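J.: Following this message is one structure expressed as structure tokens.
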Amino acid sequence: MKNITISSLLTLCIGLCALFLASSCEKDIPTQADYSDYVFSKPDENGGSWKPILLTGPEQIAVPAPEDVSSNGYQEELAALKAAASGLTGDQMQAVGYWSNNPILRWSEIALELVAKYNLIPGPNSDGSYTLPDPANPGNIPNFPFAHPPYAVRALAYLSVAQFDGLITAWHYKYQYNRPAPGQVDPSIPVAYVDNGLPSYPSDGAVIAAASRDILSAMFPLEKEYLAAKAEEQMASLQWAGTNVDSDIAAGVHIGEEVAKAALARAANDGMKRAQCPKPVSDSLKAAAFARFGWQWDNLEAPPRPVGLTPLFGQVKMWNVPTVEEVRPPVPPAPGSAEYEENVRELKHFADNMTDEWRAIANFWQDGIGTYTPPGHWNRFAKEHAIKYRLNPLRTARVFAYLNMAMMDGGISCWDAKYYYHYPRPINTIPGFKTIAGTPNFPSYTSGHSVFSAAGAEVLTYVFPEEGSKFRDWALEAAISRVYGGIHWRFDAEVGTAQGIQVAEYTLEAARADGAD
Amino acid sequence: MKNIYSFVSLLAIYLAFPGANQAQTPTDDLFMNQRESCIALIYENSWFDEYWEGASLRANGSISTVKRHTAIPMIAIGLFDQLNLIVAAPYVQTASTEPNGGKFIGAEGFQDLSLFLKGSVLNRQAGPGEVALLATAGFSTPMTNYLADYMPYSIGLGANEFNLRGILQYKLDNGVYARATLAYLFRGQAKAERDYYYNNGSYYSHWMDVPSAWNFQAVAGAWLLADILKVEASYTGLKATSGDDIRAYAAPQPTNKISLGQAGILAQCYLKKPKGLGGLAYFSQTLHGRNMGKASIFGAGLTYQFRI
Numbered sequence: 001m002k003n004i005t006i007s008s009l010l011t012l013c014i015g016l017c018a019l020f021l022a023s024s025c026e027k028d029i030p031t032q033a034d035y036s037d038y039v040f041s042k043p044d045e046n047g048g049s050w051k052p053i054l055l056t057g058p059e060q061i062a063v064p065a066p067e068d069v070s071s072n073g074y075q076e077e078l079a080a081l082k083a084a085a086s087g088l089t090g091d092q093m094q095a096v097g098y099w100s101n102n103p104i105l106r107w108s109e110i111a112l113e114l115v116a117k118y119n120l121i122p123g124p125n126s127d128g129s130y131t132l133p134d135p136a137n138p139g140n141i142p143n144f145p146f147a148h149p150p151y152a153v154r155a156l157a158y159l160s161v162a163q164f165d166g167l168i169t170a171w172h173y174k175y176q177y178n179r180p181a182p183g184q185v186d187p188s189i190p191v192a193y194v195d196n197g198l199p200s201y202p203s204d205g206a207v208i209a210a211a212s213r214d215i216l217s218a219m220f221p222l223e224k225e226y227l228a229a230k231a232e233e234q235m236a237s238l239q240w241a242g243t244n245v246d247s248d249i250a251a252g253v254h255i256g257e258e259v260a261k262a263a264l265a266r267a268a269n270d271g272m273k274r275a276q277c278p279k280p281v282s283d284s285l286k287a288a289a290f291a292r293f294g295w296q297w298d299n300l301e302a303p304p305r306p307v308g309l310t311p312l313f314g315q316v317k318m319w320n321v322p323t324v325e326e327v328r329p330p331v332p333p334a335p336g337s338a339e340y341e342e343n344v345r346e347l348k349h350f351a352d353n354m355t356d357e358w359r360a361i362a363n364f365w366q367d368g369i370g371t372y373t374p375p376g377h378w379n380r381f382a383k384e385h386a387i388k389y390r391l392n393p394l395r396t397a398r399v400f401a402y403l404n405m406a407m408m409d410g411g412i413s414c415w416d417a418k419y420y421y422h423y424p425r426p427i428n429t430i431p432g433f434k435t436i437a438g439t440p441n442f443p444s445y446t447s448g449h450s451v452f453s454a455a456g457a458e459v460l461t462y463v464f465p466e467e468g469s470k471f472r473d474w475a476l477e478a479a480i481s482r483v484y485g486g487i488h489w490r491f492d493a494e495v496g497t498a499q500g501i502q503v504a505e506y507t508l509e510a511a512r513a514d515g516a517d
Numbered sequence: 518m519k520n521i522y523s524f525v526s527l528l529a530i531y532l533a534f535p536g537a538n539q540a541q542t543p544t545d546d547l548f549m550n551q552r553e554s555c556i557a558l559i560y561e562n563s564w565f566d567e568y569w570e571g572a573s574l575r576a577n578g579s580i581s582t583v584k585r586h587t588a589i590p591m592i593a594i595g596l597f598d599q600l601n602l603i604v605a606a607p608y609v610q611t612a613s614t615e616p617n618g619g620k621f622i623g624a625e626g627f628q629d630l631s632l633f634l635k636g637s638v639l640n641r642q643a644g645p646g647e648v649a650l651l652a653t654a655g656f657s658t659p660m661t662n663y664l665a666d667y668m669p670y671s672i673g674l675g676a677n678e679f680n681l682r683g684i685l686q687y688k689l690d691n692g693v694y695a696r697a698t699l700a701y702l703f704r705g706q707a708k709a710e711r712d713y714y715y716n717n718g719s720y721y722s723h724w725m726d727v728p729s730a731w732n733f734q735a736v737a738g739a740w741l742l743a744d745i746l747k748v749e750a751s752y753t754g755l756k757a758t759s760g761d762d763i764r765a766y767a768a769p770q771p772t773n774k775i776s777l778g779q780a781g782i783l784a785q786c787y788l789k790k791p792k793g794l795g796g797l798a799y800f801s802q803t804l805h806g807r808n809m810g811k812a813s814i815f816g817a818g819l820t821y822q823f824r825i
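Line by line, the protein sequences are chains C and Y.
So the first sequence is residues 1 to 517, counted in the working numbering.
So the second sequence is residues 518 to 825, counted in the working numbering.
Take a look at the structure:
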């Protein structure tokens with residue numbers, strides 16, 4: 001009897017093990033896009049003639065003519081490259097595969113990861129006060145920056161504008177000087193990436209490495225060493241891949257550093273420094289809204305935060321919209337009005353009858369604290385479609401640049417409305433209302449998710465027209481997700497969507513005129 | 518007597534963060550004979566107003582005090598004299614007390630269906646008492662599509678778990694006993710409704726790895742009043758083998774590396790009349806932890822044993 005029992009136990013144990021393994025099916029969880037170097041859909045030989053965003057033209061950054069490939073200097077570089085590209089270690093081969101021939105995509109992932117890492121809202125001190133991150137002392141607690149959506153979209157905009165202008169400059173000199181790729185000069189050099197026929201001087205990869213490193217180091221100062229190591233590895237991989245000789249890389253680094261300086265000079269004076277204004281200024285905005293409209297938003301956290309998130313982000317310099325007032329949405333329905341009451345009923349209906357579908361939509365688009373934010377989500381979509389459509393680095397940078405300018409302008413316009421109207425959140429005016437999403441620390445009208453997403457979808461529809469209906473559906477879903485989440489009124493979402501579309505049109509006008517179409 | 522009326526006490530350790538739901542761990546030495554069965558219904562109430570963010574204990578006005586009510590129906594069946602099957606299906610409800618700064622709605626629903634097999638490996642007289650060695654193998658899986666990625670309100674971890682446990686007990690003939698258990702909990706993945714999250718780096722997926730964990734317990738107890746009453750004191754530990762910390766003022770997530778130490782007391786009685794009826798009550802206090810609520814837990818329940 002005892003033997004039977006023990007053998008039954010063993011059998012059942014083994015059975016349970018098998019059941020567990022079968023049912024859990026542990027999935028390998030991806031930490032980055034799965035792609036490798038690819039043939040570009042087109043090389044955009046005339047890319048050097050496109051209109052840059054910040055530079056007056058590519059020749060604003062002077063790049064001297066390279067030595068001829070027959071010169072001793074070049075031949076020495078070529079020999080060094082051949083040595084560097086031969087006998088790669090496993091780590092070197094891995095780096096070559098990781099960075100690929102479109103490292104913009106990897107820098108996008110690095111930027112989003114830093115946003116997620118730094119997107120932590122400062123908590124209260126033990127005395128109930130709140131300490132703000134200090135850009136002068138980024139290592140203080142809380143660390144600088146708090147990479148909330150306005151901060152994130154701005155960082156992404158400067159990153160991609162610098163990359164775009166840098167690559168326009170690189171393309172200009174590439175096709176002016178037409179230095180052949182090392183593998184064409186010496187076919188015995190092992191070249192890791194498919195040949196897309198790009199002239200190699202200056203190195204587009206080095207432009208991307210230097211510009212990305214410098215912009216992101218300014219935006220995330222505590223990551224300076226990490227970013228320098230990333231850039232160094234990316235530049236080294238250009239040699240391990242047999243793609244660029246030293247002088248190609250040096251010229252690219254020069255462009256990248258210069259274009260980053262131009263971008264950071266704009267950033268230093270775009271008004272972001274004043275966006276997180278002191279309490280008296282914040283209180284005066286609230287009082288002005290109350291005097292004008294008879295309502296106001298208040299932070300309900302415990303302990304209450306004295307100032308909302310970046311009240312003056314609406315005054316930050318826009319990229320493509322002349323004045324923020326011209327895109328300001330109309331006055332929202334007053335609390336107590338019929339439309340307002342209908343919105344209250346709808347929010348209660350969603351809360352009381354929450355379905356799996358609504359909940360999943362609310363959570364999918366939430367992109368809250370600790371994530372890459374809604375602008376980051378749209379950068380991810382851009383990356384995935386740049387891979388799908390095999391864009392070259394220049395065209396990839398163009399997608400990101402217009403996407404992030406449109407979303408940043410959208411965010412600025414949204415924040416202008418938020419603090420001009422200072423409209424209360426559902427938890428402010430519906431007694432006892434509870435939500436499945438976290439209510440953010442800023443006024444309700446209009447919805448940031450809706451504006452960011454609509455602006456992002458418009459730009460992505462412009463560059464990937466075949467996918468347009470999908471992007472626009474996503475933007476609408478992102479907008480309504482905030483109503484399902486219980487933290488926005490339907491009119492926040494609907495007006496926000498219209499606002500995003502309207503603001504993006506200014507950026508699209510610039511895009512259509514830049515010579516790339 | 519205790520051979521007949523013994524019931525596998527399923528000491529549920531439902532903690533404030535569902536991370537530690539060591540639900541229904543059959544950690545004692547007791548057995549039912551073949552064709553005996555026992556049903557139980559336990560109500561458990563836990564609450565915490567402080568939690569460990571990584572290793573540092575803090576309060577959070579956004580969530581105030583988080584309360585958790587759990588009803589645990591379960592059944593134990595003697596498949597053979599030395600092999601028992603235990604099944605449990607907890608229903609959990611969570612909420613913050615008012616007022617709180619977050620205004621989050623709580624969650625409720627059936628959590629995980631758990632199945633355990635408990636077998637006797639060794640049972641013999643040694644000196645002035647009896648030494649017993651037992652083993653359990655358990656499996657649990659979510660019964661509903663509750664969202665694990667809604668902490669601290671989520672009702673469970675949302676992952677399948679397979680666990681193996683060894684139990685060693687020495688019981689003096691006068692009823693005083695000491696027991697040690699050690700278990701390893703193999704945990705699978707939870708599905709979130711977002712497809713990006715940060716876990717010391719970017720993850721582009723709905724799937725979150727829920728860290729596996731060690732679980733151990735040391736117990737000292739005694740049978741009293743002619744084996745009508747059992748009382749015991751315990752220390753329970755849980756330690757995840759991987760995972761990340763809760764980030765500053767951010768919500769926990771299923772990937773967190775949780776650990777805790779808990780002291781508990783339990784009393785269980787087996788009535789002679791009406792025959793088969795029993796009751797139990799327990800209290801535990803979390804003493805230390807990591808990425809967990811500093812929870813107090815009270816539970817009470819009724820048991821009824823019968824022959825099939």
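Think of the CB as a built atom: it goes at the ideal place given N, C-alpha and C, for glycine as much as any other residue.
Every value quoted in this text rests on a predicted model; they were computed, and no experiment measured them.
Spatial neighbours of V253(C) within its chain, please: C-beta separation below 7 angstroms, excluding the five flanking residues on both sides.
T.: A206 and A210
J.: State the DSSP-derived secondary structure class of Q551(Y), mapped to helix, strand or coil.
T.: coil
J.: Listed in chain order, which residues of the stretch 741-773 of chain Y have Cβ atoms closer than 9 angstroms to some Cβ of chain C?
T.: R764, A765, Y766, A767, A768 and Q770
J.: Beta-carbon of E467(C) versus every beta-carbon of chain Y: anything under 7 angstroms?
T.: no
J.: Whose Cβ in chain Y lies nearer than 9 angstroms to the Cβ of D473(C)?
T.: In chain order: nothing, as chain Y lies at least about 17 angstroms away.
J.: Comparing C-alpha positions only, which one of G370(C), G485(C), E339(C) and E326(C) sits nearest to A152(C)?
T.: G370(C)
J.: State yes or no: is the beta carbon of I215(C) nearer than 7 angstroms to at least one beta carbon in chain Y?
T.: no
J.: L664(Y): buried (16+ other C-beta within 10 angstroms of its C-beta) or exposed?
T.: It counts as buried.
J.: Which same chain residues end up closer than 7 angstroms to G468(C) when comparing Cβ atoms and leaving out the 5 residues on each side of it in sequence?
T.: T461
J.: Would you call the stretch 560-579 of chain Y in contact with the stretch 802-821 of chain Y, where contact means no fewer than 3 C-beta pairs closer than 8 angstroms?
T.: yes
J.: For C786(Y), which residues of its own chain have a beta-carbon under 7 angstroms away from its beta-carbon, when the five flanking residues on both sides are left out?
T.: I745, L746, G795 and G796
J.: Going by other Cβ atoms of all chains shown within 10 Å of its Cβ, with 16 needed for buried, is V399(C) buried or exposed?
T.: buried
J.: Which residue comes first and which comes last in the beta strand (DSSP E) that contains Y799(Y)?
T.: L794 to R807
J.: Can you check whether the CB of S203(C) is closer than 7 angstroms to the CB of A95(C)?
T.: no
J.: Using a cut-off of 8 angstroms between C-beta atoms, extract the partners of P616(Y) located in chain C.
T.: A302
J.: Determine which residues share a DSSP beta bridge with D761(Y) and list them.
T.: N773(Y)
J.: Which residues, in chain order, does the stretch 720-735 of chain Y contribute to contact with chain C at a C-beta distance below 7 angstroms?
T.: Y720, Y721, S722, W724 and D726
J.: Enumerate, from N- to C-terminal direction, the unbroken alpha helix (DSSP H) stretches of 4 or more residues contained entirely within the stretch 122-152 of chain C.
T.: none
J.: Going along chain C in order, which residues have a C-beta closer than 7 angstroms to the C-beta of R711(Y)?
T.: Chain C residues near R711(Y): N363, F364 and Q366.
J.: Is the beta carbon of P659(Y) closer than 7 angstroms to that of D629(Y)?
T.: yes
J.: Measure how close the beta-carbons of A730(Y) and A750(Y) come, nearest whole angstrom, since I'm counting them as under 8 angstroms.
T.: Not really, about 23 angstroms apart at Cβ, beyond 8 angstroms.
J.: Using the beta-carbon of each residue, which ones in chain Y are nearer than 9 angstroms to A56(C)?
T.: What sits at residue 56(C) in the sequence shown is Thr, not Ala. Neighbours of T56(C) on chain Y: none; closest Cβ ~37 angstroms, over 9 angstroms.
J.: Indicate, with yes or no, if the ligand NAD has a heavy atom lying under 6 angstroms from the CB of R472(C).
T.: Among the ligands in the structure shown, none appear at all, so the ligand NAD cannot be discussed.
J.: Any Cβ of chain Y within less than 7 angstroms of the Cβ of L120(C)?
T.: yes
J.: Compute the beta-carbon to beta-carbon distance between A735(Y) and Y752(Y), rounded to the nearest angstrom, for a pair I have assumed lies under 8 angstroms.
T.: 5 angstroms
J.: Should S71(C) go down as buried or exposed, given a rule of 16 or more other Cβ atoms within 10 Å for buried?
T.: exposed
J.: Closest to V316(C) by CA distance: which of G183(C), I110(C) and K273(C) is it?
T.: Looking at G183(C), I110(C) and K273(C), the one whose alpha-carbon comes closest to that of V316(C) is K273(C).
J.: Let me check understanding here. Comparing Cα to Cα, which of N101(C), T446(C) and G166(C) lies closest to I53(C)?
T.: Considering only alpha carbons, the answer is G166(C).
J.: Report the residue ranges of all alpha helix (DSSP H) runs contained in full by the stretch 324-409 of chain C; include only those spanning at least 4 residues, in chain order.
T.: 338-352, 356-364 and 373-388
J.: Among the residues of its own chain, which have a CB less than 7 angstroms from the CB of L156(C), if the five just before and after it don't count?
T.: Excluding sequence neighbours, L156(C) sits near A111, P375, N379 and N404.
J.: The stretch 328-360 of chain C: which residues have C-beta closer than 8 angstroms to a C-beta of chain Y, in chain order?
T.: Taking 8 angstroms as the Cβ-Cβ cut-off against chain Y, the residues of the stretch 328-360 of chain C that qualify are A351, D356, R359 and A360.
J.: Check whether the Cβ of G673(Y) lies closer than 7 angstroms to any Cβ atom in chain C.
T.: no
J.: When you compare only the Cα positions, how much space is there between L699(Y) and R641(Y)?
T.: 21 angstroms
J.: Where does K835(Y) land, buried or exposed, given buried means 16+ other C-beta within 10 angstroms?
T.: For chain Y, the structure presents residues 518 to 825; residue 835(Y) sits outside this window and is missing.
J.: For F815(Y), I'd like the list of residues in its chain whose CB is within less than 6 angstroms of its CB, leaving aside the five on either flank, ordered along the chain.
T.: Contacts found: N562 and F800.
J.: Any beta-carbon of chain C closer than 7 angstroms to the one on K584(Y)?
T.: With 7 angstroms as the cut-off, K584(Y) does not count as an interface residue toward chain C.
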